[in-house]
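Asker:
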Amino acid sequence: MRLFAADALTPDGWKRDVIIEIATDGTIGKVTAGAQADGAECVCGPLLPGMPNLHSHAFQRAIAGRTGRAGADGDSFWTWRQAMYGFLDRIDPDAFEAIAAQAYVEMLKAGYTAVAEFHYVHHDPQGRPYADPAELARRIIAAAQETGIGLTLLPVFYAHAGFGGMPPAAGQRRFVHTLDAYARLVATLARDATTAPWNLGVAPHSLRAVTPDELATVIALAARAAPIHTHAAEQAQEVTACVAWSGARPIEWLLDHAGLDARWCVVHATHMTPDETCRLAASGAIAGLAPTTEADLGDGTFAARAFLDAGGAFGIGSDSNTILDPFAELRQLEWSQRLARQARNVLATADAPVGQALYVAAARGGARAQGRPAGTIAPGCRADFVVLDTSDAALAVQPVELMLDSAIFGPCRRPVRDVMVGGRWLVRAGLHAHEDAIFARYRACLARLPS
């Protein structure tokens, strides 16, 4: 396949009249600027690398908008978590797959071309393993295959309710594994992954849910180049509890004891000292940011400017899937910095306006966190592309150099026209081929859930 883009965002910035040659395996073979169309398929707008979504809990798509009432003592991340547990008790495997497929269609239509699914729901509502212990993992895989989105599956090890090996709470019974059971799950999925178009990593949930000995065992289960993702320092209360347990803050403890390197994605990393910020950046680990979820849950504000100044890399994720829009994530990230620092264009660089700088950095960091050769339009990378919709009034007649700023910070509601994953067009003119059937199944599943 050969594509021609009048404007394409390459590793060297925007280029005119670009031919992209795509091999049959869905990778980019050659990129040539200043070329003639010469019979190639012409894309209908500015061409971008697709955005990787580095952190998703797909099932939480179904509780978006259902947690807006505060209790008598107020509301927080911790009370939201209890509401989420209650909802989860009502979801069977069919519903789990239907919700995931709906979330993945919405991700694709918004411009996410691959997702890292932080998959921690393993058992039935009573906490018993299914006949196939990989039942719900296979439902995630099926949803990804039906929709076509790229997948990095991150089965989560979860064993405790708090630091120091506290026994799990009743609401966590669907998550909990022994080390032996988790090792068998990873081995089963690893066999499947050798012949499947998806990646496999591991995910020790957090220092709250995994003891140091368990963490070491889970890390050892990861294949040599496989991604390792973990939650850390999302909430101030979590930091206080970690210090009481270990004498160290969560990021500090991971840096000192877990061997953080470029395989790792530390999700949230919201509450860090300046020293932790610099050390995390130097480790090579990706900071996995979920700005709309972090805002929704009242987590706090990531020290983005300091982290980038220290050479850190980041990506973005939809996390609780309250909002499925990479442009909204980047807008919230920059706006959170503006509010904290009382300044504008905080994350701009000397080479690019703020929207372009954010998009390029998040695409590259997200791809690395997924273990997926993507995130940029270059030979050897996956042909994961987004075509912007210049018929949207916010993008019409914009200079291409400001197109991403207009899509992120302008009054643009639907910036994405077409989406390609691995050389296959999955979204055309804003529509996914299977979206009606998937939405019908999603609606039916929600309608039959117990109250």
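The sequence shown stops at residue 435 when you use the working numbering, and every number in between is there.
For every residue, glycine included, the Cβ atom is placed at its ideal position computed from N, Cα and C.
(1) Measuring straight from C-alpha to C-alpha, what distance separates Pro139 and Val186?
(2) Work out the CA separation of Ile3 and Ala17 for me, nearest whole Å.
(3) Mark Ser302 as exposed unless 16 or more other C-beta atoms lie within 10 angstroms of its C-beta, in which case mark it buried.
(4) Suppose you measure from the CA of Phe423 to the CA of Asp293; what does that come to, to the nearest Å?
(5) Counting beta carbon pairs with one atom in the stretch 381 to 391 and one in the stretch 69 to 79, are three or more of them shorter than 8 Å?
(6) When the Cβ atoms of the stretch 337 to 348 are set against those of the stretch 414 to 429, are three or more pairs found closer than 8 Å?
(7) Which residues does DSSP list as the beta-bridge partners of Tyr426?
(8) For Val411, which of Phe369, Leu433, Phe393 has the nearest alpha-carbon?
(9) Taking the beta carbon of Cys226 as the centre, do at least 16 other beta carbons fall within 10 Å, making it buried, or is it exposed?
(10) What is the DSSP secondary structure of Val403, counted as helix, strand or coil?
(11) Starting from His215, follow its DSSP beta bridges and name the residues at the other end.
(12) Starting from Phe236, trace the alpha helix (DSSP H) in both directions and tell me its first and last residue.
(13) Whole alpha helix (DSSP H) runs in the stretch 101 to 159 with 4 or more residues, listed along the chain?
(14) If you reduce the DSSP assignment to three classes, tell me which class Trp229 lands in.
(15) Have a look at the DSSP bridge pairing and note the partners of Asp22.
(16) Closest to Thr360 by CA distance: which of Met35, Ala290, His252 is it?
(17) Taking DSSP as the reference, what is the three-state secondary structure of Leu38?
(18) Grouping DSSP H, G and I as helix and E and B as strand, with all else coil, what is Asp245?
(19) What do you reckon, are the CB atoms on Ala126 and Ala85 nearer than 9 Å?
(20) Between the C-alpha atoms of Ala242 and Gln382, what's the straight-line distance to the nearest angstrom?
(21) Which residues mark the beginning and the end of the alpha helix (DSSP H) in which Gly268 is found?
(22) Since Trp(-2) is in the beta strand (DSSP E), which residue starts that stretch and which ends it?
(23) Less than 6 Å between C-beta atoms, sequence neighbours within five positions excluded: which residues of the same chain meet that for Glu260?
(24) Taking only the alpha-carbon atoms, compute the straight-line gap between Gly439 and Phe61 and give it to the nearest angstrom.
(25) Have a look at His215 and Ala271 and give me their C-alpha separation to the nearest angstrom.
(26) Is Val170 helix, strand or coil when you go by DSSP?
(27) Give the straight-line distance between the Cα atoms of Leu471 and Met256, rounded to the nearest whole angstrom.
Answerer: According to the structure shown:
(1) Looking up residue 139 in the sequence shown gives position 155. Looking up residue 186 in the sequence shown gives position 202. Roughly 6 Å separates the two Cα atoms.
(2) Mapped onto the sequence shown, residue 17 falls at position 33. Mapped onto the sequence shown, residue 3 falls at position 19. Ala17 and Ile3 have their alpha carbons spaced roughly 6 Å apart.
(3) As a position in the sequence shown, residue 302 is number 318, starting the count at 1. Residue environment: Ser302 is assigned as buried (16 or more neighbouring CB atoms within 10 Å of its CB, all protein chains considered).
(4) Here residue 423 corresponds to residue number 439 of the sequence shown, with the count starting at 1. Here residue 293 corresponds to residue number 309 of the sequence shown, with the count starting at 1. In a straight line, the C-alpha of Phe423 is about 43 Å away from that of Asp293.
(5) Too few Cβ pairs lie closer than 8 Å, so no.
(6) The stretch 337 to 348 makes no contact with the stretch 414 to 429, as fewer than three CB pairs between them are under 8 Å.
(7) Walking along the sequence shown from the start, residue 426 turns up at place 442. Residue pairing for Tyr426: DSSP places it in no beta bridge.
(8) Taking the first residue of the sequence shown as position 1, residue 411 is located at position 427. Checking every option, the nearest Cα to that of Val411 belongs to Phe369.
(9) Taking the first residue of the sequence shown as 1, we reach residue 226 at position 242. Sixteen is the threshold: when 16 or more other Cβ atoms of the shown chains lie within 10 Å of the Cβ of Cys226, as they do, the residue is buried.
(10) By 1-based counting over the sequence shown, the position of residue 403 is 419. Val403 carries a strand assignment under DSSP once its states are collapsed to helix, strand and coil.
(11) As a working mapping, residue 215 is identified with position 231 in the sequence shown. Bridge partners of His215: Val251.
(12) Stepping through the sequence shown from its first residue, residue 236 is reached at position 252. Residue identity check: residue 236 is Glu in the sequence provided, not Phe. Residue range 234 to 241 is occupied by the alpha helix (DSSP H) that includes Glu236.
(13) Secondary structure remark: continuous alpha helix (DSSP H) runs of at least 4 residues inside the stretch 101 to 159, in chain order: 119 to 131.
(14) Counted from its first residue, the sequence shown places residue 229 at position 245. Assigned with DSSP and collapsed to three states, Trp229 falls in helix.
(15) The residue you call residue 22 lines up with position 38 of the sequence shown. Beta bridge pairing from DSSP links Asp22 with no other residue.
(16) Here residue 360 refers to the residue found at position 376 of the sequence shown. A check of alpha carbon separations from Thr360 across Met35, Ala290, His252 identifies Met35 as the nearest.
(17) Here residue 38 refers to the residue found at position 54 when the sequence shown is read from its first residue. Judged by DSSP in its simplified three-state form, Leu38 adopts strand.
(18) On the sequence shown, position 261 is the one that residue 245 refers to. Three-state result, Asp245: coil.
(19) For the purposes of this step, residue 126 is taken as residue 142 along the sequence shown, with counting starting at 1. For the purposes of this step, residue 85 is taken as residue 101 along the sequence shown, with counting starting at 1. Ala126 places its beta carbon less than 9 Å from that of Ala85.
(20) Position 258 of the sequence shown, counted from the start, is the residue given in the question as residue 242. Position 398 of the sequence shown, counted from the start, is the residue given in the question as residue 382. Cα to Cα, Ala242 sits roughly 47 Å from Gln382.
(21) Within the sequence shown, residue 268 is the residue found at index 284, counting from 1. Counting along the chain, Gly268 falls outside any alpha helix (DSSP H), and DSSP gives it neither H nor E.
(22) Counting from 1 along the sequence shown, the entry for residue -2 is found at position 14. Looking at the DSSP string, the run of the beta strand (DSSP E) that includes Trp(-2) is -3 to 6.
(23) The residue you call residue 260 lines up with position 276 of the sequence shown. Excluding residues within five positions, the ones whose Cβ falls inside 6 Å are Ile235, Glu236.
(24) Given a span of -15 to 435 for the chain in the structure shown, any question on residue 439 remains unanswerable.
(25) As a first step, residue 215 must be located in the sequence shown, where it is residue number 231. As a first step, residue 271 must be located in the sequence shown, where it is residue number 287. C-alpha separation (whole angstroms): 10 Å.
(26) Walking along the sequence shown from the start, residue 170 turns up at place 186. Note: Val170 maps to helix in three-state DSSP.
(27) Here the chain covers residues -15 to 435 and nothing more, so residue 471 does not appear.
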